[in-house]
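As structure tokens, the structure follows; a few thoughts come after it.
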Amino acid sequence: MSAEAGPATAGARNGAVRRVRLPADRRTPAAARAVVRSVLAEAHLDELANEALLLTTELTTNAVEHARTELDIEVVADEVGLSVTVSDFAPGSGDELTVGTRNDATEINEVSERGRGLLLVDHFASRWGTTYLPTGKGVWFRLDRPGVDPPAEGTAGGESMPGSAGPGAAVDSSAPSASAMSELMQTAPDVYADDPLPDFATNLLSRVAEMVGAAGGMIRLDRGDGQGRQVLARFGRQPRADTELLRVPLSVHRPYAGELELDAAPSAYARPLAVLTAERLSLHLENDRLRRADVRRQTWLTFLAEASELLAQSLDVELTMALIPQLVVPRLGQWCAVHTTDEWGRLRLAAASHADESVLPQLHKVLAETGPDSIQARLREASRSAAQIPLGGPMEGFAVPLIARGQRLGTLAVGRHQRHRHDPDEVSVLEDVARRSALAIENARIHAERRRVAQTLQQSLLPPVLPVVDGIGFAAEYVPTGYDAEVGGDFYDVVPMLDGRWLVVIGDVSGKGVQAAAVTGLVRDVIRVLVGDGKPLPEALARLNETLVERGGGRYCTLALAAVGLGDGGRLDVSLHLAGHDRPVLLAAGGGAGFVGTGGTALGLLDTITSPTAEITLAPGDALVFYTDGVTERRRGRELFGTDRLRDAAAPLAGYSADVVAARLRAAAINFSVEPPRDDIAILVLRNDAV
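In terms of the UniProt record's numbering, the sequence shown opens at residue 1 and continues consecutively.
Below, the structure written as structure tokens:
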């Protein structure tokens, strides 16, 4: 074929001509067919429609896929036939488009290696060729009406293909028809079906088998899900064992793999059509693979989000480590073990799980084995190198280090699936799970340390035990806030005075945390020092107020002080001072409860304070109930527990011991709401135990 060869256009002036430029888009073949269809209708060449539309589709699809440039489509019709030229603007030679003599078996096989579209063009076109220009190249074909002599070569303005068949040329009896090829090319999956591939593959296989006269055929597909190659489609009879089959591999990416088999007699078109069918199916298999991969990734993202939420909800170290294997097994592995590193760098098994619980003892035994080839050695290597290490032996899998904030916490060992090995997506998900698990473990450890520090600090602000005094009963209940890693500002104390009396103290420092705890400790120590020096209570309160004002920081304190001494006739004389604190409840032995005392100024807000003294006498069996605002401000929705409810809860407790009164009031406050306390609850009961 010469470089100047072109389509015959001699009769164009008496027919129809269309020239359009189309983008390199998947919709271009449809647009090109519409142009050809309009020319065919205008020139009354309907008998050429099947071949013309099929070849136009093949040339435009080939140009879009390989040239990836705009296309010029020229359609010329005359009284004899139709010429179509598809030109692109891609640089380079068109050697891959060059073909030999039509209908020659050897040459057709060469064509099939270079391009399916040109195989069809060579089969159906009266003549075809290429034109090379500085701006690109064009491929053209000519279709003549059956039984009509084509225009003479030379008068048509171009050359025919060397050896191209004329109108009387013999046609290969095994060659497919244009209508059969069109049906094969237009076969598509059902977009509304849940799984359209089996029906689509069966349709393709049956069509190509009928076109090449195959007695049977089969399409096998392995999706890489551990089930091996499965039959996707079957046609005709089962091939005999001694039959030499035509096998074409499917052009799909891993983990997909498969092949098409045809029990067909050798012919010039059997393999090219099988390749065409395999590649059409492969395109949709690739779409299926990508769709499944996208669904799988979305599933993994959902799994990671749910795992993160579950891990974040637990702030207990042991519970967190026990949760990790439950997340991994069986979704990401057959078994899972979490090892943590102790302060000496040794690995300790924290939690393990197996999909088969009967194998769990064997798993524990294997994990406990030592030696250079043991799983323990591989786990130590993974922890030391901070890298993924494969595990061999009876419990095959791999180990991932647990690292959070640069600190090595241990390892996450995962056994491989029962039916397949982990694919790269699963390995990435496991590494992500390991990172999130390590962070959850570290957060739980930090929270546990903060909780231990808070509890230690809180205990240091409260007396370890209350004193035992003849005739006086003391009892206290303390419930920290629901956020047990925070130190509250509530405290109570019972301090001996120089004059033989006892000082009952209960207070509440504003705020929470370390700063509130520091102020609480300061208030408690200052009171002990001043009382130990024999200072009167009004002076002690004034000195404490001066200290808090000078210290600044915006912290203030409410305080209730009660100096208790034995009086005549078994009575208790109480001198009560309130510095901004709630009035205590007087619980009479004979029944009834009411508030006593006069309110004063909170400490740390003003330079001077007022704290009136209230003298109270407790008869035998009477009790004073002191409390902090964690009791009265206990919340149930918008409703508060309140002082009135506290008084009503205390009234039936007349005559009970101080311990019982304190415990019952604590239970009443806690049971008021299902929510954890938002503030510390402190209750201190002073009772006259004289007989």
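We put the beta carbon where it would ideally sit given N, CA and C, even for glycine. Since the model is a prediction, treat every value here as computed from it, not as a measurement.
Taking residue i as part of the beta strand (DSSP E), name the residues at either end of that continuous run.
i: residue 257; result: 257-262
i: residue 300; result: Taken as a continuous stretch (DSSP letters only), residue 300 belongs to no beta strand (DSSP E), being part of the alpha helix (DSSP H) at 270-313.
i: residue 447; result: Where residue 447 is concerned, there is no enclosing beta strand (DSSP E), although the alpha helix (DSSP H) it sits in stretches over 424-460.
i: residue 339; result: 335-341
i: residue 81; result: 81-88
i: residue 404; result: 397-404
i: residue 249; result: 246-249
i: residue 474; result: 472-479
i: residue 216; result: 216-222
i: residue 131; result: 127-133
i: residue 692; result: Here the chain comprises residues numbered 1 to 691, so residue 692 is not present and cannot be evaluated.
i: residue 144; result: 136-144
i: residue 654; result: Element bounds for residue 654: n/a, residue is neither H nor E.
Distance check for residue j and residue i, CA to CA, integer angstroms please.
i: residue 99; j: residue 91; result: In this prediction, residue 99 has a pLDDT of 37, which is less than 50 and means its spatial position is unreliable; what the coordinates show is noted afterwards. Distance between the alpha carbons of residue 99 and residue 91: 20 Å.
i: residue 689; j: residue 407; result: 58 Å
i: residue 640; j: residue 452; result: 31 Å
i: residue 487; j: residue 450; result: 10 Å
i: residue 293; j: residue 83; result: 45 Å
i: residue 431; j: residue 225; result: 20 Å
i: residue 115; j: residue 422; result: Low per-residue confidence applies at residue 115: pLDDT is 43, beneath 50, and the placement is therefore not dependable enough to give any value.
i: residue 45; j: residue 217; result: 38 Å
i: residue 696; j: residue 687; result: Any property of residue 696 remains undetermined from this structure, which presents the chain solely from 1 to 691.
i: residue 117; j: residue 280; result: Because residue 117 sits at a pLDDT of 49, beneath the cut-off of 50, its placement in the model cannot be relied upon, and the point is left open.
i: residue 284; j: residue 197; result: 8 Å
i: residue 638; j: residue 673; result: 11 Å
i: residue 33; j: residue 298; result: 39 Å
i: residue 492; j: residue 521; result: 11 Å
i: residue 632; j: residue 643; result: 6 Å
i: residue 19; j: residue 128; result: 19 Å
i: residue 252; j: residue 309; result: 37 Å
i: residue 415; j: residue 389; result: 12 Å
i: residue 650; j: residue 661; result: 7 Å
i: residue 75; j: residue 181; result: 22 Å
Considering only C-alpha positions, which residue in the set the options is nearest to residue i?
i: residue 524; options: 515, 506 and 198; result: 506
i: residue 626; options: 269, 594, 443 and 275; result: 594
i: residue 498; options: 516, 531 and 489; result: 531
i: residue 446; options: 665, 317 and 548; result: 317
i: residue 567; options: 590, 614, 553 and 472; result: 472
i: residue 209; options: 195, 273, 248 and 259; result: 273
i: residue 605; options: 528, 623 and 551; result: 551
i: residue 563; options: 286, 312, 504 and 206; result: 504
i: residue 336; options: 395, 291 and 596; result: 395
i: residue 214; options: 237, 231 and 232; result: 237
i: residue 481; options: 70, 245 and 681; result: 681
i: residue 245; options: 267, 257 and 65; result: 267
i: residue 288; options: 390, 195 and 654; result: 195
i: residue 86; options: 123, 51, 28 and 254; result: 28
i: residue 502; options: 144, 559, 558 and 572; result: 572
i: residue 691; options: 618, 685 and 634; result: 618
Which word fits residue i, buried or exposed, when buried means at least 16 other C-beta atoms lie within 10 angstroms of its C-beta?
i: residue 343; result: exposed
i: residue 110; result: Only weak support is given to the placement of residue 110: the predicted model assigns it a pLDDT of 39, under 50, and the value that follows is read from those uncertain coordinates. Label assigned to residue 110: exposed.
i: residue 569; result: exposed
i: residue 190; result: exposed
i: residue 367; result: buried
i: residue 692; result: A query on residue 692 cannot be resolved here, the shown segment of the chain reaching from 1 to 691 and no further.
i: residue 137; result: buried
i: residue 545; result: buried
i: residue 539; result: exposed
i: residue 41; result: exposed
i: residue 580; result: buried
i: residue 186; result: exposed
i: residue 411; result: buried
i: residue 677; result: buried
i: residue 405; result: exposed
i: residue 166; result: Confidence is the limiting factor: at residue 166 the pLDDT is only 39, short of 50, which leaves the residue's position unreliable and the question unanswerable from this model.
i: residue 68; result: exposed
Could you tell me the boundaries of the alpha helix (DSSP H) in which residue i lies?
i: residue 698; result: No information on residue 698 is available, as it lies outside the stretch 1 to 691 that the chain covers here.
i: residue 326; result: 317-328
i: residue 643; result: 642-650
Is residue i near the ligand PLP, going by C-beta to nearest heavy atom under 7 Å?
i: residue 414; result: As far as ligands go, the structure on display features none, and thus does not contain the ligand PLP.
**Q.** Segments assigned alpha helix (DSSP H), at least 4 residues, entirely inside the region 500-579
**A.** Counting only runs of 4 or more, we get 514-532 and 537-551.
Q. Where in the region 334-391 do unbroken runs of the alpha helix (DSSP H), each at least 4 residues long, occur, reported from the N-terminal end onward?
A. 360-368 and 375-385
Q: Taking only runs that begin and end inside the region 589-628, name each unbroken beta strand (DSSP E) of 3 or more residues, in chain order.
A: 593-595, 613-618 and 623-627
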